[in-house]
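Below you'll find the structure, written out as structure tokens, and then a few comments.
Structure, rendered in structure tokens:
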């Protein structure tokens, strides 16, 4: 059937509305995966910034001891770097929560619906093959086709029609739930990402901590280098 | 002479105060070089953060067009990232100015004094060699040493004494000027680094721009990826 379709032969069942929704989802998954990739890259670079700030803070602290004539200058630079490290770790917690949730959305939730879509597309191909078979038999000269062959084809056609229609229903429902879920998840994550980023980059440690509390993000350990943020 | 000294033979001219100053300088150069290395690493990681924020801002902008139900959420995240990029480029300007100036201090100014110190140390070695020679001759039996040989040794000793004392004076003066210069340069750079960092990480774009103006830092081009900040 796939080959007939490729050569423009055999008719194809097309559900335009569903096809559009499927194409939209596939495109959306690519775009969200791109945002996920960028957010992960940002988290990784930002984590290296925080690590370097920690080392720089220590170097400034040492020099504030050794350079009495520059004690004050080294000292306030040390304070600033240490403060940035402290808040940076909180922001990293928010960023890791963001990427982890988008990862689930992209690579688990969307992927699950795309798997149902693949099954639906395979069922559509089989259904159309049996449909075209039976149509060819019905169009052919009646005397050359034994009744039992027609019956058999009819039976196969009905079975695959049922299977196809069930999967079409599944896809429809999954797409609807996925879309509701996506909007809910992204609304929350984009709000978290924005509030945490804004709070950090305006030096508002209180608002940053409050944002993490609001989104129920717990920081595991301030010093572990592995992705270490619990999700809830 | 170096070998005699290593074996504990031959006397060595030691200027304790100068030696201490020289050791302090050598140690300080190592420490400042470490700060320079960290500041460069920080600049490089931070520059990658800014680049990723730029790409993420664009991705958010695209999604704010394509997701009407999340238009607002994507939109304000896009705004935030774009703002951070704009200010981030200004902070990078300050950081590049900081590293470039510390680099000059460490690898040109301090290095120049250290070269004079090397020459001084070589001259000290030669001076002590001729000093020990003539002392040996003067202690030896007078009749075995021809007058012209003694005179020649005396002449060489005087020459190297003059050279050594001149270089000792040079080192002393250079150390004094270097120290004054270092305190002046570091005071300015640490103030710049602190003010620019504070302004950026409190989201104070006006203060950030003002800091760069105060330190006469001009940003070459916002988009060039190469180190592109003019120094004055």
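Protein chains in written order, with UniProt numbering: chain X, 122 to 353; chain U, 122 to 353. Each residue gets a CB set at the ideal place from its N, CA and C atoms; glycine is no exception. Just so it is clear, the structure is predicted and the values come from calculations on it, not from any experiment.
Checklist entry - For residue 284 of chain U, does the three-state DSSP call read helix, strand or coil? => result helix
Next on the checklist: Assuming contact is defined by CB atoms lying nearer than 9 Å, are residue 188 of chain U and residue 307 of chain X in contact in what I supplied?
Outcome noted: For residue 188 of chain U and residue 307 of chain X, yes; Cβs fall inside 9 Å.
Item to check | residue 133 of chain X, DSSP secondary structure in three states | outcome: Look at residue 133 of chain X here: in three-state DSSP terms it is coil, with no helix or strand label.
Checklist entry - Within 9 Å (strictly less), CB to CB, does residue 187 of chain X reach chain U? => result Chain U contact via Cβ: present.
Item to check | Neighbourhood of residue 220 of chain U by C-beta, 7 Å cutoff - its chain only, sequence neighbours within 5 removed | outcome: 157, 160, 161 and 164
Next on the checklist: Checking 9 Å against the spacing of the C-beta atoms, do residue 256 of chain X and residue 125 of chain X come in under that value?
Outcome noted: no
Checklist entry - Near residue 336 of chain X, which residues of its chain fall below 6 Å by C-beta distance, leaving aside the five closest residues on each side in sequence? => result Hits under 6 Å: 313.
Next on the checklist: Closest to residue 185 of chain U by C-alpha separation, out of U:197, U:333 and U:230, would be which residue?
Outcome noted: U:197
Checklist entry - Does any residue of chain X bring its CB to less than 9 Å from the CB of residue 149 of chain U? => result yes
Checklist entry - Would the region 209–223 of chain X and the region 312–328 of chain X be scored as touching if the rule is three or more Cβ pairs under 8 Å? => result Remark: three or more beta-carbon pairs, one from each stretch, lie closer than 8 Å, so the region 209–223 of chain X and the region 312–328 of chain X are flagged as touching.
Checklist entry - Which ranges would you report for the alpha helix (DSSP H) in the region 175–246 of chain X if only whole runs of at least 4 residues count? => result List check, alpha helix (DSSP H) in window: 192–225.
Checklist entry - For residue 237 of chain X versus residue 292 of chain X, is the C-beta distance shorter than 9 Å? => result A Cβ-Cβ contact shorter than 9 Å links residue 237 of chain X with residue 292 of chain X.
Next on the checklist: Taking only three categories from DSSP, how would you classify residue 332 of chain U?
Outcome noted: helix
Next on the checklist: If you measure between the beta carbons of residue 244 of chain X and residue 284 of chain X, is that distance less than 9 Å?
Outcome noted: Against a cut-off of 9 Å, the Cβ pair of residue 284 of chain X and residue 244 of chain X comes out as a contact.
Checklist entry - Of the residues U:191, U:200, U:226 and U:177, which one's Cα is nearest the Cα of residue 150 of chain U? => result U:226
Checklist entry - What residues of chain U sit near residue 319 of chain X, judged by a beta carbon separation below 7 Å? => result 201
Checklist entry - Considering only residues of the same chain and omitting the five flanking positions on each side of residue 192 of chain X, which have a CB-CB separation below 7 Å? => result Only 185 meet the Cβ criterion.
Next on the checklist: Checking 9 Å against the spacing of the C-beta atoms, do residue 329 of chain X and residue 215 of chain X come in under that value?
Outcome noted: Contact annotation: residue 329 of chain X and residue 215 of chain X have beta-carbon atoms nearer than 9 Å.
Item to check | residue 328 of chain U at chain X interface by Cβ criterion, 9 Å | outcome: no
Checklist entry - Does any CB atom of chain X fall closer than 9 Å to the CB of residue 324 of chain U? => result yes
Checklist entry - Mind checking whether residue 178 of chain U and residue 142 of chain U have CB atoms under 9 Å apart? => result no
Next on the checklist: Does the CB of residue 253 of chain U have a neighbour CB from chain X at under 9 Å?
Outcome noted: no
Item to check | Rounded C-alpha distance that separates residue 274 of chain X from residue 173 of chain U | outcome: 58 Å
Next on the checklist: So for residue 302 of chain X, helix, strand or coil by DSSP?
Outcome noted: helix
Checklist entry - Residues of chain X with CB under 7 Å from residue 306 of chain U, in chain order? => result Residues of chain X passing the Cβ test: none, with the nearest at roughly 10 Å.
Next on the checklist: Less than 6 Å between C-beta atoms, sequence neighbours within five positions excluded: which residues of the same chain meet that for residue 240 of chain X?
Outcome noted: The residues are 288.
Item to check | Amino acids of chain X, ordered along the chain, whose beta-carbon sits closer than 8 Å to that of residue 156 of chain U | outcome: One finds 177, 180, 181 and 184 in chain X with Cβ atoms closer than 8 Å to the Cβ of residue 156 of chain U, taken in chain order.
Checklist entry - Does any C-beta atom of chain X lie closer than 9 Å to the C-beta of residue 235 of chain U? => result no
Checklist entry - At least one CB of chain U closer than 9 Å to the CB of residue 206 of chain X: is that the case? => result no
Checklist entry - With burial defined as no fewer than 16 other Cβ atoms inside 10 Å of the residue's Cβ, what is the status of residue 171 of chain X: buried or exposed? => result buried
Item to check | Where residue 122 of chain U sits in the DSSP three-state scheme | outcome: coil
Item to check | Residues, ordered as in the chain, of the region 257–284 of chain U that lie near chain X by beta-carbon distance below 9 Å | outcome: none
Checklist entry - With a cut-off of 9 Å, does the C-beta of residue 225 of chain X fall near any C-beta of chain U? => result no
Next on the checklist: I want to see whether chain X comes within less than 9 Å of residue 194 of chain U, judged by CB atoms only; does it?
Outcome noted: yes
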